[in-house]
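Using this note's numbering, the first residue of the sequence shown is number 140, and each one after it goes up by one.
Beta carbons: idealized from backbone N, C-alpha and C, even for Gly.
Fair warning: this is a prediction, and the values are worked out from it, not measured in the lab.
As structure tokens, the structure follows; a few thoughts come after it.
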Amino acid sequence: MTFLPADLYARIEESMPIACVDFVPVREAAGRREIGLILRDSPHGRVWCHLGGRIQRGETIAAAIRRHSRDTLDLEPVVPLNPQPAFVYEWFPPAIAPADGTVFGDDPRKHAIGLSFTITLDGDPRPRNEALDFAFFPTDALPDDLWPGCRALFDRMGLA
């Protein structure tokens with residue numbers, strides 16, 4: 140993959156939406172559904188959030204999910220060749236956020252279009268890179284310190 144210089148990528152983020160994969164590990168434990176979240180530093184402080192990131196040019200959606208899972212949890216998830224999102228969710232910087240009632244997440248860094256998936260993990264996550272920690276939470280007992288917009292995303296994905 141070819142990487143853009145940081146200043147050029149910053150200009151692109153300021154100019155157009157960025158296509159991303161957002162994914163949430165899901166499991167059943169003791170008869171309850173749980174979702175996996177990472178703890179990370181963010182523009183909102185230290186928060187819990189789903190996993191994911193941008194899709195690179197020439198990369199399939201499935202490959203992007205696998206890459207972000209490897210980079211963040213050191214796990215290779217099983218992902219079908221043509222995964223279909225559970226929901227498509229938008230993230231906006233406050234200065235350009237819609238005021239028409241659209242539900243969206245807050246990301247001061249960029250306008251992103253998140254193709255949102257649930258996945259199953261096979262193995263023990265080992266948080267690394269942006270992930271300071273990883274934990275599963277019952278869907279009815281999510282942490283209070285979530286990245287702004289995550290709870291609405293989880294609701295729309297049928298997880299919370």
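Backbone secondary structure at F162 - three-state DSSP: strand
Give me whichever residues DSSP pairs with P277 in a beta bridge. E173
On the three-state DSSP scale, how would you describe I157? strand
Helix, strand or coil: how does DSSP classify A236 here? coil
Does the stretch 258-271 touch the stretch 175-187, meaning 3 or more C-beta pairs lie closer than 8 Å? The stretch 175-187 vs the stretch 258-271: in contact.
Do the stretch 245-259 and the stretch 150-162 make contact, defined as three or more Cβ pairs closer than 8 Å? yes
Please report the residue range of the beta strand (DSSP E) in which I252 lies. 251-258
Give a yes or no on whether the C-beta atoms belonging to P287 and H183 are separated by under 8 Å. In this structure, the beta-carbon distance from P287 to H183 falls below 8 Å.
So, at 6 Å on beta carbons, what are the nonlocal neighbours of I258 in its own chain, with the 5 sequence-adjacent residues on each side left out? F162, P164, P216
Am I right that A203 and G297 are in contact with their C-beta atoms under 8 Å? What's the rounded C-beta distance? So it is not a contact: roughly 22 Å between Cβ atoms.
Quick check: what's the CA-CA separation for H189 versus E152? The straight-line gap separating the alpha-carbon atoms of H189 and E152 is approximately 21 Å.
Which partner residues of E167 appear in the DSSP bridge assignment? R172
Alpha helix (DSSP H) containing L298: first to last residue? Neither: L298 is in no alpha helix (DSSP H) and is coded neither H nor E.
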